[in-house]
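Chemist: Pasting in a structure now, in structure tokens, and then I'll have a few things to ask.
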Amino acid sequence: MNSIEPSAIHFKHIEYETGEQHILRNITGSISAGKITALVGPSGAGKTTLLRLCNGLISPTAGEIFIDQTPIASIDPISLRRRAGMALQSAPMLNGTVFENLALPRQLQNRSLDKKEAIKLLDDVGLKPENLKKSIRELSGGQRQRVSLARTLVNRPSILLLDEITSALDPSSIKEVETLIKRLNEKDQTTIIWITHNLEQAVRMGHYAWVMAEGKLIEAGESSLLKNPNEEITKRFIKGELV
Amino acid sequence: MSYGTLSLTLVFVLIPLLLSKTLHLQLEKDVLIATVRSIIQLLAVGYFLKFIFESDHLVYILFMVALMIGVATGNARKKGSKIKGITWKIALTLTAIEILVQSILLGFHIVPPTAQYIIPISGMAIGNSMVLSILFLNRFQAEADAHRDQTELILTLGGTPRQAIHTQLTRAIKASMIPTIESQKTIGLVQLPGMMSGQIIAGADPVQAVQFQLLILFILLTTAAISSILLGFLSYPSLFNERMQLLKEKE
């Protein structure tokens, strides 16, 4: 990030280990507020783990994370998760209709979602209003991913954590989702971390890029660095030698 | 029944032994162990109960109830080994059941406050509660493990641990209660309950035996509901930490 830009998320010497695996190693860096940061790297680099840390689904084994300069450990987990919304590649759904899934975040706060809002959310992710009554089981993988993203947006998060959300979409749907994400970022100044395997998308969408491998942050900078990386491991990843 | 007559009932043990031997089931050792254990355990309990009923002293009654709760807890806890503090949670559930059942029975003078009534009824309530606890824990752990993604989804969207585990919890409560409810629907038509049959064989008036059996059935219904619900609400917080994170499955 640019040193004068405020940081939305700051990682300070983050380690994450499970009993058997050392998943993140000494991650230090800042995610610029109101910008899109593309997070790239081979499988098993620890990218999803880093997102789960930001959403408070897990806590680091060592080190500290700050959200808007406040240590994450001192933020109430529920308000943190509403503030840092996450949409996953697997797009887990509750059995039921699209509307029931969209209404879930409100229902968890004992509030309701009206039909107009639901239609607007579907429109935002490029789905037609008639999908509202459809059972989740009737949707394709790509449609489910879009419903998952729309559901994340119900909480109006100021930080959006996206894990490969366009991996199952066709090119025109990818374009629609990218346009939506750009709009959210520009209009609402939403901070976005976007895990993607698509390097062209990372350059196209990201103001910044982080490259991770083997649990380490290899390099970070403007997304154009992916065209001209400094580190050998990034060069190998871009050439497709590391997957 | 004399011991001479009782010994003739061993014919019923010889039949499975012969069948096992003939069909090479290799169950002879287990059948013999089960027979010897049941003879020793039941005779010991019989003499012990005789002593307690004759003395009818509160301390002995309490000792017997505590023993039942202890053994039932030890048996049920194995099924909930993944849940932190499961031993005290089961013990608390069984104790709550016992207090509730006895408060209603004795408080409303439904049965006299003597060892002869308190101990057998406690045995049935605690025994049923133990079975319910095992059924609940088995199902709850299976549900929680199978639907981790849904639990995490609700946490991700800003739900509380209770909201996140609600579906799995209610499914497990319902599943553990169904056998009790279903067996009560066919009672008397398909099977005569053991206690009622025992009373009738011992010469009691069948109508009075039925009245007592109804009392027991209603108690079992309450123990079924309370055991799984109470144990459920005591157990689910152990799946999360203080940061409302779903803990990793234990191997």
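Here the protein sequences come in this chain order: A and B. Residue numbers 0 to 242, in numbering that gives the first Met the number 0, belong to the letters of the first sequence in order. Residue numbers 0 to 250, in numbering that gives the first Met the number 0, belong to the letters of the second sequence in order. We put the CB at the ideal spot given by N, CA and C, even for glycine. Keep in mind that this is a model prediction, so the values were computed, not measured.
Between residue 10 of chain A and residue 134 of chain A, what straight-line distance do the alpha-carbon atoms span, to the nearest angstrom?
Modeler: Position 11 of the first sequence, counting from 1, holds the residue named residue 10 of chain A. Position 135 of the first sequence, counting from 1, holds the residue named residue 134 of chain A. Each residue's alpha carbon lies about 40 Å from the other.
Chemist: Taking the alpha-carbon of residue 247 of chain B as reference, which of B:185, B:169, B:36, B:140 has the nearest alpha-carbon?
Modeler: Counted from its first residue, the second sequence places residue 247 of chain B at position 248. For the residues B:185, B:169, B:36, B:140, the minimum Cα distance to residue 247 of chain B belongs to B:140.
Chemist: What does residue 170 of chain B reach in chain A if we use C-beta pairs closer than 8 Å?
Modeler: Numbered from its first residue, the second sequence carries residue 170 of chain B at position 171. None at all; the shortest Cβ gap to chain A is about 12 Å.
Chemist: By DSSP, does residue 229 of chain A sit in helix, in strand, or in coil?
Modeler: Indexing the first sequence from 1 puts residue 229 of chain A at position 230. Here residue 229 of chain A sits in coil by DSSP.
Chemist: Name the two residues that bound the continuous beta strand (DSSP E) containing residue 110 of chain A.
Modeler: As a position in the first sequence, residue 110 of chain A is number 111, starting the count at 1. No beta strand (DSSP E) holds residue 110 of chain A; DSSP gives it neither H nor E.
Chemist: With residue 237 of chain A and residue 198 of chain A assumed to form a contact (beta carbons below 8 Å), what rounded beta-carbon distance in angstroms separates them?
Modeler: Looking up residue 237 of chain A in the first sequence gives position 238. Looking up residue 198 of chain A in the first sequence gives position 199. About 6 Å; that satisfies the 8 Å criterion.
Chemist: Provide the residue(s) that pair with residue 11 of chain A in DSSP beta bridges, ordered along the chain.
Modeler: For this step, residue 11 of chain A is matched to residue 12 along the first sequence. According to DSSP, which records beta bridges pairwise, residue 11 of chain A is partnered with A:63.
Chemist: My output table needs one value for residue 176 of chain A: the three-state DSSP class, helix, strand or coil.
Modeler: Sequence index remark: in the first sequence, residue 176 of chain A carries index 177 (1-based). DSSP places residue 176 of chain A in helix when its eight states are reduced to three.
Chemist: Within the chosen definition, does the segment 197-209 of chain B reach the segment 167-185 of chain B through at least 3 CB pairs nearer than 8 Å?
Modeler: The answer is no - the segment 167-185 of chain B does not touch the segment 197-209 of chain B, with fewer than three Cβ pairs under 8 Å.
Chemist: What is the residue span of the alpha helix (DSSP H) that residue 235 of chain B lies within?
Modeler: Stepping through the second sequence from its first residue, residue 235 of chain B is reached at position 236. Element bounds for residue 235 of chain B: n/a, residue is neither H nor E.
Chemist: DSSP three-state call for residue 216 of chain A: helix, strand or coil?
Modeler: Looking up residue 216 of chain A in the first sequence gives position 217. Residue state, collapsed to three classes: strand.
Chemist: Hey, is residue 276 of chain A's beta-carbon within less than 7 Å of any beta-carbon in chain B?
Modeler: With chain A running from 0 to 242 in the structure shown, residue 276 of chain A is simply not present.
Chemist: Once DSSP output is grouped into helix, strand and coil, what is the label at residue 27 of chain A?
Modeler: Indexing the first sequence from 1 puts residue 27 of chain A at position 28. Here residue 27 of chain A sits in strand by DSSP.
Chemist: With burial defined as no fewer than 16 other Cβ atoms inside 10 Å of the residue's Cβ, what is the status of residue 79 of chain B: buried or exposed?
Modeler: Counted from its first residue, the second sequence places residue 79 of chain B at position 80. By the neighbour-count rule (16 or more Cβ atoms within 10 Å), residue 79 of chain B is buried.
Chemist: Take the Cβ of residue 103 of chain A as the centre, count every other Cβ of all protein chains shown within 10 Å, and call the residue buried at 16 or more, exposed below.
Modeler: Counted from its first residue, the first sequence places residue 103 of chain A at position 104. It counts as buried.
Chemist: Assuming the contact rule is C-beta atoms closer than 8 Å, residue 149 of chain A and residue 124 of chain A should be a hit. Round their C-beta distance to whole Å, please.
Modeler: Position 150 of the first sequence, counted from the start, is the residue given in the question as residue 149 of chain A. Position 125 of the first sequence, counted from the start, is the residue given in the question as residue 124 of chain A. Indeed, because the Cβ distance is near 5 Å, the residues count as touching under 8 Å.
Chemist: Rounded C-beta distance between residue 147 of chain A and residue 190 of chain A? I'm assuming under 8 Å.
Modeler: Residue mapping note: residue 147 of chain A aligns to position 148 of the first sequence, counting from 1. Residue mapping note: residue 190 of chain A aligns to position 191 of the first sequence, counting from 1. With a Cβ gap of about 19 Å, residue 147 of chain A and residue 190 of chain A do not count as contacting.
Chemist: Cα separation between residue 215 of chain A and residue 19 of chain A?
Modeler: Along the first sequence, read from residue 1 onward, the residue named residue 215 of chain A stands at position 216. Along the first sequence, read from residue 1 onward, the residue named residue 19 of chain A stands at position 20. Residue 215 of chain A and residue 19 of chain A: Cα-Cα distance of roughly 17 Å.
Chemist: With residue 202 of chain A as the anchor, note down where its alpha helix (DSSP H) starts and where it stops.
Modeler: For this step, residue 202 of chain A is matched to residue 203 along the first sequence. Taken as a continuous stretch (DSSP letters only), the alpha helix (DSSP H) holding residue 202 of chain A covers 198-204.
Chemist: What residues in its chain sit with their C-beta under 8 Å from that of residue 82 of chain B, if we drop five residues either side in the sequence?
Modeler: Start at 1 with the first residue of the second sequence, and residue 82 of chain B comes out as number 83. Correct list, in chain order: 88, 136, 140, 234, 237, 238.
Chemist: Tell me, please, which residues DSSP counts as bridged to residue 195 of chain B.
Modeler: Stepping through the second sequence from its first residue, residue 195 of chain B is reached at position 196. Note: residue 195 of chain B sits in no beta bridge, so no partner.
Chemist: If we count the other Cβ atoms within 10 Å of its Cβ and call it buried at 16 or more, is residue 160 of chain A buried or exposed?
Modeler: Taking the first residue of the first sequence as 1, we reach residue 160 of chain A at position 161. So residue 160 of chain A ends up on the buried side.
Chemist: Which whole-angstrom value describes the C-beta separation of residue 101 of chain A and residue 194 of chain A, a residue pair presumed to lie in contact below a C-beta threshold of 8 Å?
Modeler: Counting from one through the first sequence, the residue named residue 101 of chain A turns up at place 102. Counting from one through the first sequence, the residue named residue 194 of chain A turns up at place 195. Contact doesn't hold; Cβ gap of about 23 Å is too wide.
Chemist: Could I get the ranges of all uninterrupted alpha helix (DSSP H) runs contained in the segment 108-169 of chain A, with 4 residues as the minimum, in chain order?
Modeler: List check, alpha helix (DSSP H) in window: 114-123, 140-152.
Chemist: To be precise: take each residue of the segment 133-155 of chain B, compare its Cβ to all Cβ atoms of chain A, and keep it if any distance is under 7 Å. Which residues remain?
Modeler: Against chain A - using a Cβ distance shorter than 7 Å - the residues of the segment 133-155 of chain B are 148, 149, 151, 152, 153, 154, 155.
Chemist: Using the beta-carbon count (16 or more within 10 Å), is residue 63 of chain A buried or exposed?
Modeler: Counting from 1 along the first sequence, the entry for residue 63 of chain A is found at position 64. So residue 63 of chain A ends up on the exposed side.
Chemist: Using three-state DSSP, classify residue 16 of chain A as helix, strand or coil.
Modeler: Your numbering for residue 16 of chain A matches position 17 in the first sequence. It is a strand residue.
Chemist: Are the beta-carbon atoms of residue 92 of chain A and residue 155 of chain B separated by less than 7 Å?
Modeler: Numbered from 1 along the first sequence, position 93 holds the residue referred to as residue 92 of chain A. Numbered from 1 along the second sequence, position 156 holds the residue referred to as residue 155 of chain B. Cβ atoms of residue 92 of chain A and residue 155 of chain B: not closer than 7 Å.
Chemist: When DSSP labels each residue in this structure, what does residue 250 of chain B get in the three-state scheme?
Modeler: By one-based count along the second sequence, residue 250 of chain B stands at place 251. With a pLDDT of 44 at residue 250 of chain B, under the threshold of 50, the modelled position of this residue cannot be trusted, and the question is left open.
Chemist: So residue 103 of chain A contacts chain B; which residues on that side make the cut at Cβ distance below 7 Å?
Modeler: Counting from one through the first sequence, the residue named residue 103 of chain A turns up at place 104. 156, listed in chain order.
Chemist: Under a Cβ-count criterion, where at least 16 other Cβ atoms within 10 Å of its own Cβ denotes burial, should residue 34 of chain A be classed as buried or exposed?
Modeler: Position 35 of the first sequence holds residue 34 of chain A. Per the 10 Å Cβ criterion, buried.
Chemist: Under 7 Å, CB to CB, which of the residues in the segment 47-58 of chain A have a partner in chain B?
Modeler: From the segment 47-58 of chain A, only 54, 55, 56, 57, 58 have a Cβ closer than 7 Å to chain B.
Chemist: Between the segment 106-121 of chain A and the segment 170-190 of chain A, do at least 3 Cβ pairs fall closer than 8 Å?
Modeler: No: fewer than three Cβ pairs fall under 8 Å.
Chemist: Helix, strand or coil for residue 6 of chain A, going by three-state DSSP, please let me know.
Modeler: In the first sequence, residue 6 of chain A corresponds to position 7, counting from 1. Three-state result, residue 6 of chain A: strand.
Chemist: Given a threshold of 16 other Cβ atoms within 10 Å of its Cβ, counted over all protein chains shown, does residue 184 of chain A qualify as buried or as exposed?
Modeler: Here residue 184 of chain A corresponds to residue number 185 of the first sequence, with the count starting at 1. Result: buried.
Chemist: Can you check the segment 38-87 of chain B for any alpha helix (DSSP H) of at least 4 residues that lies completely inside it and give the ranges in chain order?
Modeler: Runs of the alpha helix (DSSP H) inside the segment 38-87 of chain B: 57-76.
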